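S.K.:
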Amino acid sequence: MSVTLLAGTATASVAVASETPAAAPAAALAPTAPVENLIVGYKSSASEASSNSAAASDATAKGKKAGKKAKFDRRLGTGAALVNLGGTVAPAEAADVMAQFRADPDVAYVEPDTRAYATAVNPNDTEYAKQWDLFEPTAGMNVPAAWDKTTGSGITVAVIDTGYVAHSDLAANTVAGYDFISSSAYARDGGGRDSNPADEGDWNATDGECGLGSKASNSSWHGTHVAGTIAAATNNAKGVAGIAYGAKIQHARVLGKCGGSTSDIVDAITWASGGSVAGVPANATPAKVINMSLGGPGACGTSYQNAINAAVARGTTVVVAAGNSNADAAGYSPASCNNVINVAASNRTGDRSFYSNYGSIIDIAAPGGETRRATDTPGTVTTPENGILSTLNAGTTTPGAEIYKPYQGTSMAAPHVAGLAALLKSANSALTPAQIETAIKNNARPLAGTCTGGCGAGLADAAATVAAVTSTPPAPAFENTTDVTIGDNTTVESPITVTGKTGNAPAALKVGVNIVHTYIGDLKVDLIAPDGSVYTLHNRTGSSTDNINQVYTVNASSEVANGTWKLRVNDNAGGDTGKIDSWNLTF
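For the sequence shown, my numbering begins at 26 and goes up steadily by one.
1. Consult DSSP for residue 183 and reduce its assignment to one of helix, strand or coil.
2. Note down the Cα distance separating residue 195 from residue 416, rounded to an integer number of angstroms.
3. Determine the extent of the beta strand (DSSP E) in which residue 61 is found, giving its start and end residues.
4. With DSSP as the reference, label residue 132 as helix, strand or coil.
5. Scan the stretch 283–346 and note each continuous alpha helix (DSSP H) run of 4 residues or more that stays entirely inside, going in chain order.
6. Please work out which residues of its chain come closer than 7 Å, Cβ to Cβ, to residue 263, disregarding the five sequence neighbours upstream and downstream, and give them in chain order.
7. To which residues of the same chain is residue 251 closer than 7 Å at the C-beta, ignoring the five residues directly before and after it?
8. Could you tell me the alpha carbon to alpha carbon distance between residue 362 and residue 508, rounded to whole angstroms?
9. At 3 residues or longer, what runs of the beta strand (DSSP E) sit wholly inside the stretch 244–288?
10. Taking all protein chains shown into account, decide if residue 240 is buried (16 or more other Cβ within 10 angstroms of its Cβ) or exposed.
11. Is the beta carbon of residue 538 closer than 8 Å to that of residue 590?
12. Go ahead and pull the three-state DSSP assignment for residue 24.
13. Return the residue from the list 610, 514 and 599 that minimises the CA-CA distance to residue 520.
14. Say whether the stretch 532–550 touches the stretch 560–573, bearing in mind that this needs 3 or more beta-carbon pairs closer than 8 Å, one atom from each stretch.
15. Within the same chain, show all residues whose beta-carbon is closer than 7 Å to that of residue 468, passing over the 5 residues directly before and after it, in chain order.
16. Please state whether DSSP places residue 379 in a helix, a strand or coil.
17. Where does residue 47 sit, in a helix, a strand or coil, going by DSSP?
18. Would you kindly report the start and end of the unbroken alpha helix (DSSP H) that includes residue 449?
19. Which runs of the beta strand (DSSP E) fall wholly inside the stretch 509–545 and span at least 3 residues, in chain order?
20. How big is the Cα-Cα spacing for residue 95 and residue 378?
21. Please classify residue 284 as buried or exposed, where buried requires at least 16 neighbouring CB atoms within 10 angstroms.
22. With DSSP as the reference, label residue 552 as helix, strand or coil.
23. Is the CB of residue 289 under 8 Å away from at least one CB in chain B?
24. Measuring only the C-alpha atoms, how far is residue 202 from residue 272?
25. So what does residue 94 bridge to, in DSSP terms?
26. Would residue 393 pass as a contact of residue 411 if the rule is Cβ separation under 8 Å?
27. Quick one: what's got a C-beta closer than 7 Å to residue 358's C-beta in the same chain, skipping five residues either side?
28. Going by Cα to Cα distance, which pick from 561, 165 and 512 is closest to residue 483?
29. Tell me the rounded alpha-carbon separation between residue 534 and residue 179.
30. For residue 31, I'd like the list of residues in its chain whose CB is within less than 7 Å of its CB, leaving aside the five on either flank, ordered along the chain.
31. Between residue 513 and the rest of its own chain, which residues show a CB-CB distance below 8 Å, the 5 nearest in sequence each way excluded?
32. Considering only the beta carbon of each residue, do residue 368 and residue 390 sit closer than 8 Å?
33. If contact is defined by three or more beta carbon pairs under 8 Å, each pair taking one atom from either stretch, is the stretch 83–100 in contact with the stretch 117–127?
34. Return yes when the Cβ of residue 302 is within less than 8 Å of the Cβ of residue 292, no when it is not.
35. Got a sec, what are the start and stop residues for the alpha helix (DSSP H) residue 118 sits in?
36. So residue 138 and residue 61 are supposed to be a Cβ contact under 8 Å. How far apart are they, rounded?
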């Protein structure tokens, strides 16, 4: 099988006034920017320390001595006096007034009322303003507000793709990778597998070169574009900002001329996650996140599934692109595999991108952009401002100069979620892949527009998800994230085996349910206890509403905690189908 790329402010705090002036610190607080107010701390023995009228008189007098206006404004919670200078004044003028206060033996300290700012300020990368996908409120992923808590440091993200073409905005965040293309003809590097994942170009010189219907094309430098979205260097006064800019990128090259083979990709998944591949040296920096912006038609095969399951068992989160065929993602691989986060693409207005695959198998949506409208000629770029800007290369076949360029595709959406997964793992190292997936879905927000066919839990929200994993305990230890298809007029079950508990379940057992379905009024959902007792959670309500994403509370105090619990879903009508996406138990 061959696969292809898919394409605020606040006043500074003050210490309680001491009896002895601190001359050195006071001098260090000389103003360096325009000043509007001063904070004056009086010794407790001074009348100005307790009397507002005395403080007001003193401020006026000292202002006159300095030839400036100075007026008592109010008393701070610490007891210090806030002195207004009659408007914003230059640092030197403020220093003149401060000198008058410092000369007074009744003054413990005086300092400028400086300003503080949110630390998650916009990065100084020159192209950041064009990265709507990170920050715009309508359809951006709310990334900047997450950077106060985490930037992805300590995490390696493997990009299983076309390899790496050198780019100065990525160099500092790139660690050793590997070239897994076993065919020298497709690798274009004169040999088979080797330790150099350099992108040698994936151009096709003529139509039909890669099979019936294939078209001649230039090199895409696809893996480099994907890598920039995940972890381009940030605050380096150039280029773009990466979502997890504190993380490292590891390139595993699998796509060359005419795409890549399943066998090479399976080995790359294994190696990137820390597994052993015959003939390949051990991975010195195993990845905790894998991004696969690639795929092809067909259901998930056993080879893919086995490799993904093993990677997840090693603690690696696997993120895949849904595909760009405007079709049900269930017909594409590895998008249809279990144990992955399957990502659809949304556009700048918050709708599903016209090309994006969809369906009940989608887990989440993320910005994938649209460099053209659906009605524009395929292959044209008519709306570049609405694409996803990232690192690239200008070479048409072999590498040329480094550039930045917008692309569109679920290939661009997936690395947004891979970057978010890196932020989460960095913020809370105990998180498992299942917990990361659950956190992303539980903290998504509704798409601003529409998603015909289904876009999973909604639009990924970086700030909300990071806040959730850093302020609350991790997701439940007892969880099943294996997809279970819900067909028309069928009954299906998903089990969770609970061990290590003593006694009975609690009177407030929490049952988290995530069911993707296009008509929940068809569904009856029950929790089945280990002894067969039935607790109904949802009984054919909600009419034509999409999806169940809810935590139910069940009095299960009569049930022994240990044993196999089941979520049973009965579809009672025809015309709408879906899946049990995941469910969990919190004791």
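Where is the CB? At the ideal position from N, CA and C, for every residue including glycine. These numbers were taken from a predicted model, which means no experiment stands behind them.
M.R.: Reading off the structure:
1. Strand, per DSSP.
2. Roughly 8 Å separates the two Cα atoms.
3. First-last of the beta strand (DSSP E) with residue 61: 60–67.
4. Here residue 132 sits in strand by DSSP.
5. As far as the stretch 283–346 is concerned, its whole alpha helix (DSSP H) runs of at least 4 residues are 287–297 and 327–338.
6. Once the five neighbours on either side are set aside, the close Cβ partners of residue 263 are 150, 151 and 194.
7. Within the same chain, Cβ atoms closer than 7 Å to the Cβ of residue 251 are found at 184, 186, 316, 318, 436 and 440, the five residues on either side in sequence being excluded.
8. One C-alpha to the other measures close to 9 Å.
9. Entirely contained in the stretch 244–288, the beta strand (DSSP E) runs reaching 3 residues are, in chain order, 273–278.
10. Label assigned to residue 240: exposed.
11. No, they are not a contact pair.
12. Given a span of 26 to 612 for the chain in the structure shown, any question on residue 24 remains unanswerable.
13. Measuring from the Cα of residue 520, the nearest candidate turns out to be 610.
14. Taking a cut-off of 8 Å on C-beta distances, the stretch 532–550 touches the stretch 560–573, as three or more cross pairs fall below it.
15. So the list reads 486, 489, 490 and 493, once near-sequence residues are dropped.
16. DSSP, reduced to helix, strand and coil, places residue 379 outside both helices and strands of the structure shown, so it counts as coil.
17. Confidence at residue 47 is low in this model, with a pLDDT of 31, below 50, so its placement is unreliable and the value that follows should be read with caution. DSSP, reduced to helix, strand and coil, places residue 47 outside both helices and strands of the structure shown, so it counts as coil.
18. It spans 435–452 - the alpha helix (DSSP H) in which residue 449 sits, taken as one unbroken run.
19. Those beta strand (DSSP E) runs which fall completely within the stretch 509–545 and span 3+ residues are 509–511, 516–523 and 534–542.
20. In this structure, the straight-line span from the alpha carbon of residue 95 to that of residue 378 is close to 59 Å.
21. Under this definition residue 284 is a buried residue.
22. Strand, per DSSP.
23. In summary, chain B is missing from the structure at hand, where a single protein chain is found.
24. Cα-Cα distance, rounded: 15 Å.
25. According to DSSP, which records beta bridges pairwise, residue 94 is partnered with nothing at all.
26. Contact check for residue 393 against residue 411 fails: the beta carbons are separated by 8 Å or more.
27. In the same chain as residue 358, and ignoring 5 residues on each side of it, the C-beta atoms closer than 7 Å to its own belong to 320, 321, 323, 324, 325, 326 and 329, in chain order.
28. Nearest in C-alpha terms to residue 483, of all of 561, 165 and 512, is 165.
29. Using only the alpha carbons, I get a separation of about 35 Å.
30. Hits under 7 Å: 318, 319, 320, 346, 348, 349, 434, 435 and 436.
31. The beta carbon of residue 513 sits closer than 8 Å to the beta carbons of 596, 598, 599, 600, 601 and 602 from its chain, once the five residues preceding and following it are set aside; these are given in chain order.
32. Inclusion of residue 368 and residue 390 in the CB contact set at 8 Å is warranted, their separation being smaller than that value.
33. Flag = yes, the stretch 117–127 and the stretch 83–100 touch.
34. Against a cut-off of 8 Å, the Cβ pair of residue 302 and residue 292 comes out as a contact.
35. First-last of the alpha helix (DSSP H) with residue 118: 116–127.
36. Contact holds; Cβ gap of about 7 Å.
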